[in-house]
Every structure is written in C-alpha cells, then in structure tokens.
Amino acid sequence: MVTEQLTFQNSAVLDNSDQIFLSETRIESGDTLQQLLNRLNATDLDAVAFLRNSPEATQLRQEFVAGRSVFAQTSSQGKLLSLQFPLGDKERMLFISRGNNDTLTGTIVSSQTETHTVTRSAQIESSLFAASDLAAIPDTIAIQMAEIFGSEIDFHRDLRKGDRFTVSYEVEYVDGRPLRTGKITAAEFINEGRSHRAIWFEQDKDKGQYLSPEGKPIRKSFLRSPLEFSRVSSGFSRRFHPILKTWRAHQGVDYAAPTGTPVRATGNAIVQFAGNQNGYGNVVILRHDDKHSTVYAHLSRFAKNAKKGGRIAQGEVIGHVGQTGWATGSHLHYEFRINNTPVNPLTVKAASYQANLNPAQLKAFAERSKPALALLERLKQSDITYLE
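Start counting at 1 in the sequence shown, then tack on 4, and there's your number in the numbering used here.
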C-alpha cells in the first residue's frame, strides 16, 4: 500500500470560502429530498430542483427508502458539489456532481470500492465540529470519536480551547471519489493536557474493540454523558441550567438541550421505574446492579423500551429531553447513585466493560498497533494529512 503525504493548511488561517465539507447520513422515514439535503449541509435550491425533476436522478427518487446511506460533498456556502447514492443492486451507484460550468449531472457508476485510511489532526478553538470542519473531518467521524471516548470525556462539558485530536479513519472510494466513511482505526484526544488514545483491534472478522496502547479496553461500564453527541446538541455544551443552583442538594447534573433530544442509558440496566414523579416530571430510573442506579428526569416522552422490568443496553435511547416537572427550561436532570446515595456523575470512575486480552492477543495487538501509534505520535502536533 502506497502512502502519500498531503499538505494541509493550518486551521487558524484556513480560508473557509475554499473548504469542502464531507457529510454522510441515512434516509429517515418520512424524509423529503430537501430534508435529506439539509442534513447533508446542502442548502442550494438548484440541488433540490435537480433531485426532484432531473431524469438523471430518477433512480434516486425510485429508491428513496429509509435506511439507505447517502454521502455528499458541499461548499462552505452550502452548495452541493457531489452526492453518492448506492443503488439497490449493490453493484452500482448514482454519482451526482457539479461541473466547471456550475451545472449538476448524474451518472451510474460501478460501486466496487477501495478502502483507504485517512489521518488528520485538529485543535479545538470553539467546538468539536468547528475543529472537524476546518480539518475536513466528516461529522460521522467526529461523532464516532465522541462515542469511543464517551466513557472518559464528557464532550458536552469537558472540551476546552486548545484541546487537540488526531484521528485515523477508513474512507471507501469509487473511481477515486469518496463514497462513505467507515470506522475509526486509531485516535488520540488530548483534553486539558491529558492524552486519551484508542486503537481498533479486530480479533475476528468484523468483531473487535477499541483498546488503549497498553491493551486495556476503552469502553467502560458507564458513559460519561447520557446525551448523544451531535452537531445540534453540542451547541449547548457549556450551558448550565439556572435550576442547578437551587437543586444542588440532589447532586445531579443538568444538561440543557432542545426538547426531543434523545437520552441514552449510560450503562446496561433493568428499568426500575418509568413514569411521573412530582418535581422530576417524567423520569426513568435504571438499576444497573445491586449497587449502581441512574436517574433521567424532566423527559418529554419515553422510548417504547422504557418499561418497568425491561432490559436496557448501554447507549440505548430511553427517552427524550423535555420540560416536565419542576423545570424552568428544556433540559435533562441526570443523577448517578451508589447504594441509593447520589454522587457526582462527572467524577465517578467506571470499570472496564469488556474483558482484557489474553497473553497471545496482547502480543498480537502490540505488533499490529505499532504503525498506528507511530502515525498518531507524528501527526498530533502538525497540520498534515496522511492518506494510505
């Protein structure tokens, strides 16, 4: 495999007008073409009209079904530059592109792909997504990174200006054009001077886990935040709800977020309670084991699986942010309890979720992780992009 070194401008002086943004999303039930383009950061009316009316986009309209992935490139002004739409036969894809004459065209091409690994580095100045945009890192990769380190970093509250991250991730290409992003293969996030590293270790085909350089599982028994990290909710990352000052005796944490934002279980659990409790409003209480429980209050509505006695997996959505009970604004009140006594969820330490490697696996991981660790070390203080 050939490795090519590409020059990447310093994010502090990069001209946004020349940037290309990579986005990936799935068609959701009830979506319109305009809603899909909006999620792909494409806001120009020409693109909407082309997808609605052009004969070249007929197959997209015919196969516009929920669950289908779509990958796009857009300009900083929201102009659609290209769109890749895999067709149902899985052997072809519709490729829509904007030519030099500023007109859109569509062609059917083979969907045989090549996978390359891209490595990029960036620094936090305002938010994770702002830094990712400047480094041309897709939102899907930024969200993956937040999920990987979700047991160690609360991406809603812990990010600081000057934090840095380096990430290696897979990108599938068709005829030299990017089609979709894959999984992160290695990443480092330096938060408040502390380095967090994760390397993907595939033990069997399509089965593996993220490990520290020492071979310890990254995933812990509890996530640091009950809110899914997204471009929408991240805008509220440093807001503290006014009610927190009057509710400190509850020793919970308030996450301000728009009504309807998904709330996830921070650990595997059984639903102990789901209903209304006075000041808590609509609340879900999860029992994780004989010792640990968590509380999610002020929900606007419950997820279908949030029923007393039901089993819940870590990261599973149990409800949605609201303003029920004694809440003066839309937010989630979250508590972490040990032996029914509330403790600070921001400081509690969780055990590893998955088993450690045996000696043979640890040896194999040490060998396989060397190139990834070397690349992370080389790029973490630079503004260079690697493609291999």
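C-beta: ideal position from N, C-alpha, C; glycine also.
Bounds of the beta strand (DSSP E) holding Thr123 are 118-127. Cβ neighbours of Leu303 within its own chain (closer than 8 Å, five residues either side excluded): Val267, Gly285, Asn286, Val287, Val288, Gly323, His324, Val325, Gly326, Thr328, Leu336. Around the beta-carbon of Arg30, fewer than 16 other beta-carbon atoms lie within 10 Å, marking it exposed. Rounded to the nearest whole angstrom, the CA to CA distance from Glu339 to Ala354 is 15 Å.
With 16 or more other Cβ atoms inside 10 Å of its own Cβ, Ile145 counts as buried. For the pair Phe75 and Leu215, the CB atoms are not nearer than the 8 Å cut-off. Between Arg164 and Ile141, the gap from beta carbon to beta carbon reaches 8 Å or more. Our two residues, Glu320 and Ala269, have alpha carbons roughly 6 Å apart in a direct line. Residue range 198-208 is occupied by the beta strand (DSSP E) that includes Glu206. Only residues of its own chain outside the window of five on either side were considered, and among them His200 have a CB closer than 6 Å to the CB of Glu156, listed in chain order. The stretch 291-300 and the stretch 362-372 do not touch, with fewer than three beta-carbon pairs separated by less than 8 Å.
Here Gly283 carries a helix assignment [DSSP, helix/strand/coil]. DSSP places Gln365 within a helical segment (H, G or I) once states are collapsed to three. The criterion of a C-beta distance shorter than 8 Å is not satisfied by Leu231 and His292. Separation of Val352 and Asp35 (C-alpha to C-alpha, rounded to the nearest whole angstrom) is 40 Å.
Under the three-state reduction of DSSP, Gln63 is assigned to helix.
Scanning Asn57, Thr62, Asp143 for the CA closest to the CA of Leu44 turns up Asp143.
Judged by DSSP in its simplified three-state form, Gln318 adopts coil rather than helix or strand. Bridge pairing for Met97: Pro90, Val113 [DSSP].
Across the set Gly256, Glu67, Ile188, Asn104, the C-alpha of Gly256 shows the shortest separation from the C-alpha of Val347. With contacts defined as CB atoms closer than 8 Å, Ala260 and Gly333 qualify as a contacting pair. Taking C-beta atoms as the reference points, Val175 and His120 count as a pair closer than 8 Å. With a cutoff of 8 Å on beta-carbon distance, Phe133 and Gln77 are scored as not near each other. A distance below 7 Å between beta-carbons, with the five flanking residues on each side excluded, links Arg315 to the following residues of its chain, in chain order: Ile274. Using a 10 angstroms sphere on the CB of Pro221, the tally of other CB atoms reaches 16 or more, which defines it as buried. Rounded to whole angstroms, Gly103 and Ser58 show a C-alpha spacing of 16 Å. C-alpha of Ala126 to C-alpha of Ile188: approximately 15 Å in a straight line.
For Ala317, same chain residues with a beta-carbon under 8 Å away, outside a window of 5 residues either side, are Ala269, Asn272 in chain order. DSSP, reduced to helix, strand and coil, places Val352 outside both helices and strands of the structure shown, so it counts as coil.
Arg96 is a Cβ neighbour of Val113, given a cutoff of 8 Å. For Glu151, the enclosing alpha helix (DSSP H) covers residues 143-152. Less than 8 Å divides the Cβ of Phe169 from the Cβ of Phe193. As the crow flies, the alpha-carbon of Gln148 is around 21 Å from that of Leu350.
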